[in-house]
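Mapping to my numbering: the sequence shown position 185 is 204, numbers consecutive. For glycine and all other residues, C-beta sits at the position ideal for the given N, C-alpha and C. Model, not experiment: these values are computed from the prediction. Data block below; observations after.
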Amino acid sequence: SATAVGSLAGPVLGGWLMDISGFALLCYSATAVCLLCALISLFLPSDAPRSRPVRASTPTALPKGWLGAMLAIIVLIQAAKMMPQPFYALYVADVLHAPAWLIGASYAASALTLALSAPLWGRLFDRHPAAQTLRIIEWVTWFCALTLAFTAMAGEWLGFLASRLLWGVWQGALLPVAYTLIANTVAPSQQGFALGLGNSAAKGGALCGALLGGVGMAMVGLAHSFWLVALTYALAALGIRAIRSFTRTPETTDFSVNTSNNSKARS
Numbered sequence: 020s021a022t023a024v025g026s027l028a029g030p031v032l033g034g035w036l037m038d039i040s041g042f043a044l045l046c047y048s049a050t051a052v053c054l055l056c057a058l059i060s061l062f063l064p065s066d067a068p069r070s071r072p073v074r075a076s077t078p079t080a081l082p083k084g085w086l087g088a089m090l091a092i093i094v095l096i097q098a099a100k101m102m103p104q105p106f107y108a109l110y111v112a113d114v115l116h117a118p119a120w121l122i123g124a125s126y127a128a129s130a131l132t133l134a135l136s137a138p139l140w141g142r143l144f145d146r147h148p149a150a151q152t153l154r155i156i157e158w159v160t161w162f163c164a165l166t167l168a169f170t171a172m173a174g175e176w177l178g179f180l181a182s183r184l185l186w187g188v189w190q191g192a193l194l195p196v197a198y199t200l201i202a203n204t205v206a207p208s209q210q211g212f213a214l215g216l217g218n219s220a221a222k223g224g225a226l227c228g229a230l231l232g233g234v235g236m237a238m239v240g241l242a243h244s245f246w247l248v249a250l251t252y253a254l255a256a257l258g259i260r261a262i263r264s265f266t267r268t269p270e271t272t273d274f275s276v277n278t279s280n281n282s283k284a285r286s
């Protein structure tokens with residue numbers, strides 16, 4: 020939710036700065052924000068040393084089949100998510116004929132609903148085992164495909180904005196929960212490595228999505244580009260269905276989707 024709040028504020032301010040002063044001030048402002056973050060980091064408190072009880076435990080094998088399946092899911096959903104990036108601003112400006120501030124506002128709309136919905140999705144998934152959670156993720160991916168089809172059919176900015184708000188709701192149930200499914204189903208000593216693989220899969224999916232978005236726009240034209248995104252989500256949902264059918268779900272650890280519960284489990 021914290022990153023979603025940043026994604027909400029950034030596009031709105033960026034669109035406003037672009038309207039009032041142009042690209043140069045936008046870049047200077049981004050530089051100032053980065054320098055401010057670096058300055059704030061200098062005043063962060065240092066980590067307090069903590070002693071951890073030594074536990075005798077046998078090495079646990081990494082669930083390679085399950086982990087590989089989750090990494091594939093992350094690649095699929097991230098590719099679909101990032102696919103509009105190459106043509107998003109052009110689509111809003113040239114197809115919807117919207118001003119620059121609306122480009123930022125519509126982009127931030129999904130971040131707003133993601134920030135609001137992610138904790139609610141976390142509470143919902145706390146009640147379900149990993150297999151049931153994966154089933155819900157599949158259905159959410161299908162809903163993403165339907166929402167992007169509505170986006171492609173929206174001929175004016177109000178309908179487009181409504182679809183962005185709804186799409187953000189579904190996003191709160193995808194990547195964060197996929198990360199947590201990985202953490203829940205590997206041993207605590209392997210979580211850092213497994214989550215690092217998950218982050219690499221997310222970046223790889225984002226790169227693939229941006230590449231597919233640019234190639235797809237060149238093939239079908241700007242006005243029909245969002246149909247390709249809807250198709251990509253449908254293919255991702257089919258991929259998740261196949262993974263659910265052929266991959267055995269391992270037992271979960273004591274960690275939950277809700278991070279507040281994770282802190283209680285550690286204490």
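Work out the CA separation of Ser65 and Leu250 for me, nearest whole Å. Rounded to whole angstroms, Leu250 to Ser65 spans 47 Å at the Cα level.
Alpha-carbon to alpha-carbon, Phe62 and Ala221: Looking at the two C-alpha atoms, the distance is approximately 31 Å.
Where Cys56 and Thr50 are concerned, what is the direct C-alpha to C-alpha distance, given to the nearest angstrom? Cα to Cα, the separation comes out at about 10 Å.
Going by C-alpha to C-alpha distance, which of Ile155, Leu36, His116, Gly123 sits closest to Ala256? It is Ile155.
In whole angstroms, what is the alpha-carbon distance linking Pro148 and Gly240? If you take the alpha carbons of Pro148 and Gly240, they lie about 43 Å apart.
Use the C-beta contact count for Met89: other C-beta atoms within 10 angstroms, 16 or more gives buried, fewer gives exposed. Answer is buried; the Cβ neighbour count reaches 16.
Cβ-Cβ distance between Ile122 and Ala112 below 9 Å: Result yes, Cβ atoms of Ile122 and Ala112 sit closer than 9 Å.
So what's Gly228 in DSSP terms, helix, strand or just coil? Helix, per DSSP.
Got a sec, what are the start and stop residues for the alpha helix (DSSP H) Phe245 sits in? Note, Phe245: alpha helix (DSSP H), 244-265.
Can you find the residues in the same chain that come closer than 7 Å, C-beta to C-beta, to Thr278, ignoring five residues on each side of it along the sequence? A caution first: Thr278 carries a pLDDT of 41, below 50, which makes its placement in the model unreliable, though a value can still be read off. Cβ-Cβ distances below 7 Å link Thr278 to nothing in the same chain once the five nearest sequence neighbours on each side are left out.
Under 9 Å between C-beta atoms of Ile92 and Gly235: Between Ile92 and Gly235, the C-beta spacing is not below 9 Å.
Given a cut-off of 9 Å, decide if Ser136 and Gly191 are closer than it, judged by their beta-carbon atoms. Yes. Within cutoff.
Can you name the start and end residues of the alpha helix (DSSP H) that Gln97 belongs to? 83-101 is the extent of the alpha helix (DSSP H) around Gln97.
In the DSSP assignment, find the alpha helix (DSSP H) that holds Gly174 and state where it starts and stops. Here Gly174 belongs to no alpha helix (DSSP H), and DSSP marks it neither H nor E.
Within the chosen definition, does the segment 105-120 reach the segment 167-182 through at least 3 CB pairs nearer than 8 Å? Counting Cβ pairs under 8 Å, three or more are found: they touch.
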